[in-house]
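Visitor: Dropping a structure here in structure tokens format, bear with me for questions.
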Amino acid sequence: MRELMLKLLTYEPFEKISGDEKKYIDAVLAGNINFSQTFPLYDELMNALMYFCNQSGDTTKLVSWFNAFYSFSKAGNIGILCDQATGERTYYPVLFKKICFYCITEYNLRDADFLKQFGIKPNILNKWEISPRYRKLINRDSYHAINIRRNGKKQPYLTKVIKSAFYEASRQEAAVRFFDPATKGWVAPKKEQLLPFIDVFAGSGCVAASVDANEMVVNDFDIGVACFLYSMSHDEKEVRTRLAELHNSFVSRDLSNGANHYTSDMWMEHKRKVRAYSKITDVAYDELMIRLRNNYEEIYKMYVSALDEVAVDFSNPSQKDIQMYYDIGVAWYFINAIDANGFSGNVHKITDMDTDNYYAYLENKLEVFKANSEGVVPFQKLLDKYSGVNYKIISELTLKPKDIKFGDGKSFMKALKKSHVQSTDFSQLVQTFSDGFIYEDSPYFLTAEYETGFGDEQQKIMLDQLRGSDFKWLFSMQYREFHTNKASKGNSKRTSAQKVGQPLIKCYRDYFAGFVNDFTVQYEGKKPYYTSNSDVLSDLADDYFVILFRNTKTTAEMMICNFDVRRVIPYGGETVVIPFREFMKLPFDGKEHKSYGQVAKLAEEYRENDIVNNYASGVWV
259 MRELMLKLLT
269 YEPFEKISGD
279 EKKYIDAVLA
289 GNINFSQTFP
299 LYDELMNALM
309 YFCNQSGDTT
319 KLVSWFNAFY
329 SFSKAGNIGI
339 LCDQATGERT
349 YYPVLFKKIC
359 FYCITEYNLR
369 DADFLKQFGI
379 KPNILNKWEI
389 SPRYRKLINR
399 DSYHAINIRR
409 NGKKQPYLTK
419 VIKSAFYEAS
429 RQEAAVRFFD
439 PATKGWVAPK
449 KEQLLPFIDV
459 FAGSGCVAAS
469 VDANEMVVND
479 FDIGVACFLY
489 SMSHDEKEVR
499 TRLAELHNSF
509 VSRDLSNGAN
519 HYTSDMWMEH
529 KRKVRAYSKI
539 TDVAYDELMI
549 RLRNNYEEIY
559 KMYVSALDEV
569 AVDFSNPSQK
579 DIQMYYDIGV
589 AWYFINAIDA
599 NGFSGNVHKI
609 TDMDTDNYYA
619 YLENKLEVFK
629 ANSEGVVPFQ
639 KLLDKYSGVN
649 YKIISELTLK
659 PKDIKFGDGK
669 SFMKALKKSH
679 VQSTDFSQLV
689 QTFSDGFIYE
699 DSPYFLTAEY
709 ETGFGDEQQK
719 IMLDQLRGSD
729 FKWLFSMQYR
739 EFHTNKASKG
749 NSKRTSAQKV
759 GQPLIKCYRD
769 YFAGFVNDFT
779 VQYEGKKPYY
789 TSNSDVLSDL
799 ADDYFVILFR
809 NTKTTAEMMI
819 CNFDVRRVIP
829 YGGETVVIPF
839 REFMKLPFDG
849 KEHKSYGQVA
859 KLAEEYREND
869 IVNNYASGVW
879 V
């Protein structure tokens, strides 16, 4: 019951708690079962909640408890229970209010139907100044991601948190409009009050497609990515038409006009080295592999050439521009939709193109012939016809746009329909759209940024812009130990920049502190560094919060935001929230640089203690 109580206390409403109700909660938190049972009103209420959770939403015990409460029989020493004139209840335990909010939001129940069981009118929630509307929308699955190989694509557990923070930021910004000017009464926030969602480093668009916003700006400085986003957000039919045409040309003829990017000699050399290839002696297979790889390289070269020639203007494009955007966008998708043979990140490799990967592209990415009205799977039946030899299917398959089911792609494109595509510098974009919610998922500090041209100077400019800003923002990054000062790759580029006078950010400790403190330049010999005073943090540290994730074995993802997100991230889940100032005390104690798992555990312990010590004051915990 203690864990359930800790979690419940992080749900709305946040009100002062005193008297027997506080005594009971304190007893539960202390694990004093004998003492807690001396308060039957609250003990029966919590047991009713546990029954509700264990029985998947069965309200039997909750209703029974409330009826007893309303009839005065088990009211304990509560004074005023009902209005003498109307008979309406004027007192509800804070725990009961929290339970109502918890049940409605976590079990996606209709407010009116749930409260009706207790004889309570739904407008009581307005009187309590709480609304489950945003929380229910947050809990609704809205994850959309297109199936491509792309480093940095956010997984559902991350987009859920981003969506939660976005809705909470919008709720806080709209708070002044929560009162009906006619009645002066509190009214629930509406979905129309959501801020515009500004995805500054949108990449493949997964986050923007998943947050369920009314209005979105998706931006990427990479023109290829931006054209992909433009194509996907505008015309599904055009995209499928081009993908069908691309396939029909790709497998049937030489697209290079005799350039021979990939020759028979290259193939035979590669075939000798790869056992799986060498087993196949069919000449038709050899010809197909040479053609596929040659065409794959031709498309890549045409794509790169187009990037050098195009100037994007998504706000007012000509028809010629639009056709070029589709050319580039579809090419970008095709290149990135082919699975990598071995780890290659986002790097193009001609050897990624083979019949297995191309077959997987047709079946899993485009979902060609996935099913028809009779429920059969013609694509698989065609494979049976050729005794399971996929390369024979590839060479004979002709596609029409309607043959491409594109399941994930269609839902992804629909989710992006409300987006405005940009391809501009991050700093300029933030200035332009500072009336929205700013989400930044830049190349991570000291990882691959030096491969993308996003180095220390860009990181510094970005933090300068976020620090002390008036707009609400959320920043995705990774956690690494405080002392870390070298990039995982690209160190030569980094030190070369320093040699020509460009300061480097000294280490992660200075990087973290740079969110709240100004950077200064100091020299070690002739080497300039950006530093910040991590020992004395500015007052901004009191307004910022850090989001960590428990039980993550393969990643050290974390987020920082400039507003309190605790009311939408309850205690006890996989996500942990801690005030920024407290976070800065955890990783380093003067001797030890703690791992991500250690920091996440300490953050969870901090929040538990904060709940225990402060829940009764009415503040968010």
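Quick note: the sequence shown uses my numbering, first residue 259, plus one each step. We put the CB at the ideal spot given by N, CA and C, even for glycine.
Considering T742, what are the terminal residues of the alpha helix (DSSP H) in which it resides?
Guide: No alpha helix (DSSP H) contains T742, which DSSP labels as neither H nor E.
Visitor: Got a sec, what are the start and stop residues for the beta strand (DSSP E) I696 sits in?
Guide: Start and end: F695 to E698.
Visitor: Helix, strand or coil for C819, going by three-state DSSP, please let me know.
Guide: The answer is strand: DSSP assigns C819 an E or B state.
Visitor: Looking only at its chain, what residues have a beta carbon closer than 6 Å to the beta carbon of N553, apart from the 5 residues adjacent to it on each side?
Guide: Counting only Cβ-Cβ distances below 6 Å, and skipping sequence neighbours, we find F508 and L513.
Visitor: Grab me the residues of S790's own chain with a C-beta within less than 6 Å of its C-beta, minus the 5 sequence neighbours each way, in chain order.
Guide: D768, A771, G772, N775 and F777, listed in sequence order.
Visitor: Excluding sequence positions up to five away, which residues of its chain have a Cβ less than 6 Å from the Cβ of Y591?
Guide: Excluding sequence neighbours, Y591 sits near F486.
Visitor: Taking the CB atoms as reference points, tell me whether V857 and L806 lie closer together than 8 Å.
Guide: Yes, the pair counts as a contact, with Cβ atoms nearer than the cut-off.
Visitor: Any contact of the stretch 540 to 549 with the stretch 639 to 658, i.e. 3+ C-beta pairs under 8 Å?
Guide: Enough Cβ pairs lie closer than 8 Å, so yes.
Visitor: Helix, strand or coil: which one does DSSP assign to V779?
Guide: DSSP places V779 in strand when its eight states are reduced to three.
Visitor: Specify, as a first and last residue, the run of the alpha helix (DSSP H) that D800 falls within.
Guide: Counting along the chain, D800 falls outside any alpha helix (DSSP H), and DSSP gives it neither H nor E.
Visitor: Tell me whether the beta-carbon of W386 lies closer than 8 Å to the beta-carbon of K412.
Guide: No, Cβ-Cβ distance for W386 and K412 is not below 8 Å.
Visitor: So which of F324, E862, Y401 and Y535 has the shortest CA-CA distance to K374?
Guide: Per the Cα distances, F324.
Visitor: Check whether the stretch 476 to 492 and the stretch 580 to 589 are in contact - that is, three or more C-beta pairs closer than 8 Å.
Guide: At 8 Å Cβ cutoff, the stretches touch.
Visitor: Look up S489 in the DSSP assignment and say whether it is helix, strand or coil.
Guide: Of the three classes helix, strand and coil, the one that applies to S489 here is helix, per DSSP.
Visitor: Taking the CB atoms as reference points, tell me whether I406 and N594 lie closer together than 8 Å.
Guide: Yes, these two residues count as a Cβ contact at 8 Å.
Visitor: Given this structure, state the Cα-to-Cα distance separating I388 from K751, to the nearest angstrom.
Guide: Between I388 and K751, the C-alpha separation is close to 53 Å.
Visitor: From the DSSP output, read off the bridge partner residues of I456.
Guide: Per DSSP, V475 and I696.
Visitor: Three-state secondary structure (DSSP) at F508?
Guide: In this structure, F508 counts as helix in the three-state DSSP scheme.
Visitor: What are the partner residues of Q680, as DSSP defines its beta bridges?
Guide: In DSSP, Q680 forms a bridge with N477.
Visitor: Which class does I869 belong to by DSSP, given the choice of helix, strand or coil?
Guide: Residue state, collapsed to three classes: helix.
Visitor: From K852 to S685, what distance separates their C-alpha atoms?
Guide: If I take the Cα positions, the gap works out to 33 Å.
Visitor: What do you get for Y269, buried or exposed, if any count of 16 or more other CB atoms within 10 angstroms of its CB means buried?
Guide: When all chains shown are included, Y269 counts as buried.
Visitor: Any idea what DSSP makes of M547, helix, strand or coil?
Guide: Helix at M547.
Visitor: For Y401 versus Y425, is the C-beta spacing smaller than 8 Å?
Guide: Going by C-beta atoms, Y401 is not nearer than 8 Å to Y425.
Visitor: At the level of alpha carbons, what is the spacing between I275 and P298?
Guide: C-alpha separation (whole angstroms): 17 Å.
Visitor: Indicate the three-state DSSP secondary structure (helix, strand or coil) for P298 in the structure shown.
Guide: If DSSP states are grouped into helix, strand and coil, P298 belongs with the helices.
Visitor: For V879, is the classification buried or exposed, using 16 other Cβ atoms within 10 angstroms of its Cβ as the cut-off for buried?
Guide: With 16 or more Cβ atoms within 10 Å of its Cβ, V879 is classed as buried.
Visitor: Enumerate in chain order the residues of its own chain whose CB-to-CB distance from T609 is below 8 Å, with the five nearest sequence positions on each side excluded.
Guide: Excluding residues within five positions, the ones whose Cβ falls inside 8 Å are H528, R551 and N599.
Visitor: Measuring from the CB of L307, is there a heavy atom of the ligand SAH at a distance below 7 Å?
Guide: The ligand SAH is absent from the structure shown, which contains no ligands of any kind.
Visitor: Within the continuous alpha helix (DSSP H) that includes L844, where are the two ends?
Guide: From DSSP, L844 is part of no alpha helix (DSSP H); its letter is neither H nor E.
Visitor: Y558 and S489 - do their beta-carbons sit closer together than 8 Å?
Guide: No, the pair does not count as a contact, with Cβ atoms beyond the cut-off.
Visitor: For V834, list the residues DSSP reports as bridge partners.
Guide: DSSP, once it has assigned bridges, lists L806 as partnering V834.
Visitor: Could you work out which residue in N574, S681, L624 and A288 is closest to E503 when comparing CA atoms only?
Guide: Cα-wise, what sits closest to E503 is L624.
Visitor: Any idea what DSSP makes of C340, helix, strand or coil?
Guide: Any reading at C340 must be qualified, since the residue scores a pLDDT of 46, below 50, and its modelled position is unreliable; the value itself is stated next. Three-state DSSP puts C340 in a strand.
Visitor: Would you mind working out which of D470, K495, I291 and V321 sits nearest D661, comparing C-alpha positions?
Guide: Among D470, K495, I291 and V321, the Cα nearest to that of D661 belongs to K495.
Visitor: Give a yes or no on whether the C-beta atoms belonging to M735 and F703 are separated by under 8 Å.
Guide: Yes. Within cutoff.
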